[in-house]
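So the protein sequences, as listed, match chains C and B. As numbered in this note's numbering, the first sequence has no gaps in its residue numbers, which increase by one up to the final residue, 892. As numbered in this note's numbering, the second sequence has no gaps in its residue numbers, which increase by one up to the final residue, 1293. A virtual CB, placed ideally from N, CA and C, is assigned to each residue, including glycine.
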Amino acid sequence: MTLPQGGQTPITEFLGDDAGAGGPFAILGLLHGITNDDQVIRACNRRLNQINRHRHRSTPDAGEVRLAVHAAASQLLDPNLRTELAQRWPEGTPVSVPKAWKPIKKTTSLPVGFIRNARLLIAASGGWNTTARKRLAHFARMNRVTALELVEALGTSRISKSTHSTSDQPQRLNQVQSERIELIGLPPERSLQWFAAYSVLIIMAASVLTTVVISPPGLFTDDSEAIHTQEATNADTQEEIAPGSHKLEGAGAEREEFAHYTAIAHELDQLVTRSVSDPTRSIDRLGVVYSQFVDSWTAFPVPALKRSALHISEIVSRASKSFESDEALNGLAALFACDPSEADPTKAMIRMAMIDVILSDPSVTNQIRERLSITVKRCTGDAPRPVFDVIESLTIIAGLKGVETKDDDPIWWSHWMRGINALTADDEHLKTRLVLSAMSARLRDASPSNDQWKQSVIELVNAVSWREGESARYWLLGQFADEEVNTQRLSALTEALAIHSGAQQIDAQMILNASSTFGQRQKLAQAYRTAWAVTKSTNDKSVLSNNELMELVNELRIRISITPVQLDEQQAIAASLELARLNTAAWQFARGDHELADASLKGAGQSLSSAATPEILKLDMNARDIEWAQNAMNVENANQLSLLFAQLVQDNGPGANGAHALVYLATLHADSEIRSIASAQIVRYKDQASVLIALDHMISSKRISTRLERLVLKIVSRSLPNRADDRWYGEVHRELLMLTAQAIARTTQTDLTIFQSELGVAYWARLTTAQASQELGSSVRQLYQELLEDVQATPHVSIGLDPVERIASVLAVHLARSTSSAHQFIAYQRAVCELNALRVDRDTLGVSVRLEALLGDLQTNLDNSKDVFGQITQVERCIAQIWVLHLEGTQP
Amino acid sequence: MIYQSRLLISCLCVSLAMFSIGIAPEETVVLYSDLTPNNPEMYFNIGELLIAETDDDSQNLLGTQFLAIGVGLASRQDQPELAASMCIALAWSEPDARMSASLWDFALMLDPSRYSAWLVHRDARLKKQAVLFEEAAQCVYAARFNDPKRATELLARRDILRALQDGARQAGLDPVKIHRLLESMINDSHDDDCRGRVFITERSEGQVKRVVCQDHARPIGSSPNEESLRMLIKLELVLLDGLHPSGDAPWANIAYLKLNEPSREPSLSQIADYYSIDYARAYRRDDRWASSP
């Protein structure tokens, strides 16, 4: 849009000074309180009419102002966008009665002499008749006004004249009569002008004729010359149509450059419509518009950016369906090519984001899909991540760029910040998160600090808020505590904070010395903590919480550092239990249960309760067992059998043969009383391997009685299919086999049962919703569900696959492959760990990189663990590390 | 004249040569020269082609190797969907049910959108082999409970023997030791006249009494010693797919059955080991895998 002389913009020229205040409301002359769409449409029509009535309505500037009006109207028709824009742009000045429509306004622009001459023309024609109308039309055309305007002007003038006093009528009549003589012919000056014009035209016609005769057009070899000739013939037209350009419907001439984002947005609006009928040309045009969209996307408000991105995607989708040749498809894909050497990261960001958006459209053909995927791969080395929302994609890409770059160049970071500001215009939290993540990554770069970093970090530090209670403060404390952070780079950051930012309580004495040791760094961290905590903690309760927190974090750190990867079973049990209790304290602290957290913290170091005394396995055949079994098998009544039970009590259960006898009596004896008391003894000794084996023997008989089925149900204690079902035997046999294994396992000394129980208590205490059972299996499942609901409650911006979906599918795989309840536990435990990492990533700023590193380390440690208990310890250790990140990142 | 004869002979020769080419058996021609690790999909296409169009074991193996390499390449190039598809193709062609399940697991880990297919197909082949494994478990049961006739019948079957060996391997037991143990238990039972009965009827002085059979070398349902009993219980549980207890099952079992192996998930290295491939040697040259084209 060219700026007219005097600094007046086309908008102010065509629509008045009020319209140039900036923003769509000013352009349309509307207040913020728009109640319905009709208001917008009416305002748009008013403005378009205003332009159409302007004397420069046919100029390219008018076309551009029309575009701006259309774009403003299309934006304000979207209620959400309207609200968004109302926050950014001032109200317009309402045009209740469109001034541009008022004939009086227009007539005032016509000179008095001009109107007088027109009136004289009517008079010279003998009044208002056909000749007068023809002459007036010619007269108006020559003076570049419409006949309608002239007629209206004459009418107004007539009305105004009628109000004049009649005293000067003779004088006026005389004047008219004197001028009539002049108007019968052409006015002298005009006649000369017309004569000159006609002369020029005749000369030109003659020269053209001569040229055609002497040198026909076919002999011209230089196209540009022909074009120039054509341009020369059209010199008197004000529209300059570039050779080969196409004219958009109702939009005037096509522009190659757009000064305002609204013009680009409107152009894309129109291209979407046009792409239906003429995809080829719309893609040609998209090539022009897209490059400027890439250059200026940071000027777009978020809703407009989303809308434009979807338009581009739709245009490409439509074109991809109609293009068949490789050449056309390659041309289309080439629009989205990247330039790896591009210095401005915002351009690379939008290019990749647009491909993500296009690929999320299912109607895009595979040919284009493949080509765009290759482009992404070539540019980034990664596969594309189809995302419908351009802001979501930009967030991911911008986050990655900030984290992955090794550049300290302040110009690069300045561009990056411009992109971040554009995409986080309405989300300060996201902006802080992205900036802190980027700083986290740069702080961990081992290369020494340099002047470039010192400049860049000033902009980054000033991009986030360091006010009281803001997360950036806690993030910084975390950086002090992390040994991986480069002290020199951290020093530059503290310098920027102390000197170049408005951070409170931080002065020049709190700049970290670049050669400080880790210990000195920690001392300075304490100074920061004190400076910021003093302002935050004003009551005793908070101070108490801070002390508890420090103790908890210290304990977690100690336990994390002393837990090695290679552990034997006993070491793994002890370490797992202590870490689990500390993690439980962290869980309780985070949800505000400080007393419970304190109790868990104090009890964390308690050693495992002593294991139960192993039982004695009685599967051997001794004389006492044989005698008892034979006596039992030959009893004649229930009393005799009851007397025999005293020996069972003495021996703590039946032996191998005694168990068979008991099962026989309970299921096959004719005397119901004997069956009943034998069954009672079986239930009493159901944990004995001998009883379980005897029962397993009995169920292999061909006929399963109701008595046997009932007895089995009492032993197995879980639902089983009906005994007539083919699956009954298999399930019962498998269950009895497992119970037998458990019974024999109790005869060996092991801490695992107690460990399982203690771990169950620790996991149960983490649950938010009360649960009766403290069993480890059900507690960890419940905890997983709670975390899943929490994480799913807030959408997580992720790279590639949905992390929650990935965690759930990996859990499914682990559960399918588990061979014991400990393997099932670790499957859920890992899922809990990863979900907790997602939650901490959501709630704690600037920890994404470290969380990713922690989970990577966990995988390595799991691969190096000797057994499942060592793995349980490693997962619990990782959970502790995540808690440290969270507690240091969110608490002072 | 001579010229005409030569021409005729030449024409005949050419015709004969063309005829020979026409009737010669058409061989599967696979072009490996275009193969490049940058395009893992080519490995998918060639692998599927080889597996589908040949009954030759060596070609089949080559096909699986193509797919296995393709899985690694696609996975490393961040193309999880393609890698998962190749994994599933590999799972279909994999004769071992457990490896097939592992490949399905890996496919799901690469691409969570395969969950519904995973649910249906992951255990399909394991279920087919479950019938055979149950019979193998009956063999162990029969040996434990002194039923030599049934145990011998089952042990004599080649498929049962193979199932026992597979089960033993899955349980982390030595298949040879297991076979020897079962044979010795069956042999011992042959000398037992009670043949699985715990009690026998004895008549003395006009009275009928039930007495414990004295021929048993060991208690019914047990085994020669505690260690062998542990092995047999574990083997039976594996064969019956019984090692999927509820999450609340006591951990003491783990120590007894020695189930404390670390939890392992399928990985690229597992696939590479299983199919004897090296992802760095992704080119096919002179009927060998090479590191350069």
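(1) Spell out whether any CB of chain B is found under 8 Å from the CB atom of I826 of chain C.
(2) For a test of the three-state rule: what should DSSP assign to T860 of chain C, helix, strand or coil?
(3) Find out if the Cβ-Cβ distance for the pair T748 of chain C, A1163 of chain B is shorter than 8 Å.
(4) Taking a cut of 9 Å between CB atoms, which residues from the stretch 381–397 of chain C lie near chain B?
(5) Can you pull the chain C residues whose beta carbon is under 7 Å from the beta carbon of W1092 of chain B, in chain order?
(6) What did DSSP end up calling E1265 of chain B once you bin it into helix, strand or coil?
(7) Using the Cα positions of R521 of chain C and L335 of chain C, report the straight-line distance between them to the nearest angstrom.
(8) How many Å lie between L648 of chain C and P1250 of chain B at the Cα?
(9) Apart from the five residues on each side of it in sequence, which residues of its chain come closer than 8 Å, Cβ to Cβ, to L1173 of chain B?
(10) By the three-class DSSP mapping on this structure, what secondary structure does E257 of chain C have?
(11) Identify the contact partners of Y1032 of chain B in chain C, using a Cβ-Cβ distance below 9 Å as the criterion.
(12) Please classify Q824 of chain C as buried or exposed, where buried requires at least 16 neighbouring CB atoms within 10 angstroms.
(13) Helix, strand or coil for T1152 of chain B? Go by DSSP, reduced to three states.
(14) Under 8 Å, Cβ to Cβ, is there at least one residue of chain C near P1025 of chain B?
(15) Taking Cβ-Cβ distances shorter than 7 Å, what residues in chain C pair up with S1085 of chain B?
(16) What span of residues does the alpha helix (DSSP H) with E1202 of chain B cover, start to end?
(17) Helix, strand or coil, according to DSSP, for V364 of chain C in the structure here?
(18) Between which two residues does the alpha helix (DSSP H) containing I1290 of chain B stretch?
(19) Between the stretch 1156–1172 of chain B and chain C, which residues of the former have a C-beta closer than 8 Å to a C-beta of the latter?
(20) Taking Cβ positions only, does Y1256 of chain B come closer than 8 Å to chain C?
(21) For M204 of chain C, does the count of other Cβ atoms within 10 angstroms reach 16, so buried, or fall short, so exposed?
(22) Just by C-beta distance, which residues in the stretch 808–834 of chain C are closer than 8 Å to chain B?
(23) Might you give, ordered along the chain, the residues of its own chain that have their beta carbon closer than 6 Å to the beta carbon of V464 of chain C, omitting 5 neighbours on each side?
(24) Hey, would you say A831 of chain C sits closer than 8 Å to L845 of chain C, going by beta carbons?
(25) Count the other C-beta atoms from every protein chain shown that fall within 10 angstroms of the C-beta of W89 of chain C, then say buried if there are 16 or more, exposed otherwise.
(26) Give a yes or no on whether the C-beta atoms belonging to T380 of chain C and L567 of chain C are separated by under 8 Å.
(27) Q1079 of chain B touches chain C at which residues, Cβ-Cβ below 7 Å?
(28) Can you look up R1281 of chain B in the DSSP assignment and give me helix, strand or coil?
(29) Starting from S1263 of chain B, find everything on chain C with Cβ-Cβ shorter than 8 Å and list it in chain order.
(30) Strictly below 9 Å CB to CB, what residues from chain B border T613 of chain C?
(31) In three-state DSSP terms, what is K1209 of chain B?
(32) Would E231 of chain C be called buried (16 or more neighbouring beta carbons within 10 Å of its own) or exposed?
(33) In whole angstroms, give me the CA-to-CA distance for Q859 of chain C and R1281 of chain B.
(34) Have a look at Y1279 of chain B and D1188 of chain B and give me their C-alpha separation to the nearest angstrom.
(35) Could you give the DSSP three-state label for V145 of chain C: helix, strand or coil?
(36) Among residues of its own chain, excluding the 5 on either side of G20 of chain C, which ones have a beta-carbon nearer than 6 Å to its beta-carbon?
Looking at the atomic coordinates:
(1) Against the first sequence, residue 826 of chain C aligns to sequence position 826. Yes, I826 of chain C counts as interfacial toward chain B.
(2) Taking the first residue of the first sequence as position 1, residue 860 of chain C is located at position 860. Helix, per DSSP.
(3) For the purposes of this step, residue 748 of chain C is identified with residue 748 of the first sequence, where counting begins at 1. For the purposes of this step, residue 1163 of chain B is identified with residue 163 of the second sequence, where counting begins at 1. No.
(4) G381, D382, A383
(5) Here residue 1092 of chain B refers to the residue found at position 92 when the second sequence is read from its first residue. Ordered by position in chain C, no residue passes the 7 Å Cβ test against W1092 of chain B, which lies about 18 Å from the chain.
(6) Indexing the second sequence from 1 puts residue 1265 of chain B at position 265. Coil, per DSSP.
(7) As a position in the first sequence, residue 521 of chain C is number 521, starting the count at 1. As a position in the first sequence, residue 335 of chain C is number 335, starting the count at 1. Whole-angstrom Cα-Cα distance: 51 Å.
(8) Position 648 of the first sequence, counting from 1, holds the residue named residue 648 of chain C. Position 250 of the second sequence, counting from 1, holds the residue named residue 1250 of chain B. If I take the Cα positions, the gap works out to 26 Å.
(9) On the second sequence, position 173 is the one that residue 1173 of chain B refers to. The answer, listed in chain order, is M1231, K1234, L1235.
(10) The count along the first sequence starts at 1 and reaches residue 257 of chain C at position 257. E257 of chain C: coil per DSSP, three-state reduction.
(11) The residue labelled residue 1032 of chain B in the question sits at position 32 within the second sequence. In chain order: nothing, as chain C lies at least about 22 Å away.
(12) As a first step, residue 824 of chain C is located in the first sequence; it is residue number 824 there, counting from the start. Buried, because 16 or more other Cβ atoms sit within 10 Å of the Cβ of Q824 of chain C.
(13) By 1-based counting over the second sequence, the position of residue 1152 of chain B is 152. If DSSP states are grouped into helix, strand and coil, T1152 of chain B belongs with the helices.
(14) Along the second sequence, read from residue 1 onward, the residue named residue 1025 of chain B stands at position 25. Since pLDDT at P1025 of chain B reaches only 46, below the 50 mark, its modelled position is unreliable, and the value read off the structure follows with that caveat. By this cut-off, P1025 of chain B is not an interface position.
(15) Your numbering for residue 1085 of chain B matches position 85 in the second sequence. Neighbours of S1085 of chain B on chain C: none; closest Cβ ~14 Å, over 7 Å.
(16) Position 202 of the second sequence, counting from 1, holds the residue named residue 1202 of chain B. E1202 of chain B -> not in any alpha helix (DSSP H); beta strand (DSSP E) instead, spanning 1199–1204.
(17) Residue 364 of chain C sits at position 364 when you count from the first residue of the first sequence. Note: V364 of chain C maps to coil in three-state DSSP.
(18) Taking the first residue of the second sequence as 1, we reach residue 1290 of chain B at position 290. With the sequence shown as reference, residue 1290 of chain B is identified as Ala, and Ile is not the correct amino acid for it. No alpha helix (DSSP H) holds A1290 of chain B; the beta strand (DSSP E) holding it covers 1288–1290.
(19) Taken residue by residue, none of the stretch 1156–1172 of chain B has a beta-carbon sitting less than 8 Å from a beta-carbon on chain C.
(20) Residue 1256 of chain B sits at position 256 when you count from the first residue of the second sequence. Y1256 of chain B counts as touching chain C.
(21) Within the first sequence, numbered from 1, the residue matching residue 204 of chain C stands at position 204. Burial call: exposed.
(22) A808, S809, V810, A812, V813, H814, A816, R817, S818, T819, S820, S821, A822, H823, Q824, F825, I826, A827, Y828
(23) For the purposes of this step, residue 464 of chain C is taken as residue 464 along the first sequence, with counting starting at 1. Correct list, in chain order: T432, V435, A472.
(24) In the first sequence, the residue the question calls residue 831 of chain C occupies position 831. In the first sequence, the residue the question calls residue 845 of chain C occupies position 845. A831 of chain C places its beta carbon 8 Å or farther from that of L845 of chain C.
(25) Within the first sequence, numbered from 1, the residue matching residue 89 of chain C stands at position 89. Buried, by the Cβ-count rule.
(26) Within the first sequence, numbered from 1, the residue matching residue 380 of chain C stands at position 380. Within the first sequence, numbered from 1, the residue matching residue 567 of chain C stands at position 567. Going by C-beta atoms, T380 of chain C is not nearer than 8 Å to L567 of chain C.
(27) Sequence index remark: in the second sequence, residue 1079 of chain B carries index 79 (1-based). Correct list: A383.
(28) Counting from 1 along the second sequence, the entry for residue 1281 of chain B is found at position 281. Coil at R1281 of chain B, not helix or strand.
(29) The residue labelled residue 1263 of chain B in the question sits at position 263 within the second sequence. Within chain C, the residues near S1263 of chain B are H814, R817, S818, H823, I826, A827, L862, V868, Q871.
(30) Numbered from its first residue, the first sequence carries residue 613 of chain C at position 613. Here the premise fails: no neighbours, minimum Cβ distance about 13 Å.
(31) Taking the second sequence and counting its residues from 1, one reaches residue 1209 of chain B at position 209. The answer is strand: DSSP assigns K1209 of chain B an E or B state.
(32) Along the first sequence, one-based indexing puts residue 231 of chain C at 231. Annotation note: pLDDT 40 at E231 of chain C (below 50); position unreliable, coordinate value reported separately. So E231 of chain C counts as exposed.
(33) By 1-based counting over the first sequence, the position of residue 859 of chain C is 859. By 1-based counting over the second sequence, the position of residue 1281 of chain B is 281. Taking the straight line from one Cα to the other gives about 26 Å.
(34) Taking the second sequence and counting its residues from 1, one reaches residue 1279 of chain B at position 279. Taking the second sequence and counting its residues from 1, one reaches residue 1188 of chain B at position 188. Distance from the CA of Y1279 of chain B to the CA of D1188 of chain B, rounded to the nearest whole angstrom, comes to 52 Å.
(35) Taking the first residue of the first sequence as 1, we reach residue 145 of chain C at position 145. Coil, per DSSP.
(36) Within the first sequence, residue 20 of chain C is the residue found at index 20, counting from 1. Excluding positions up to five away in sequence, the list reads T9, I11, T12.
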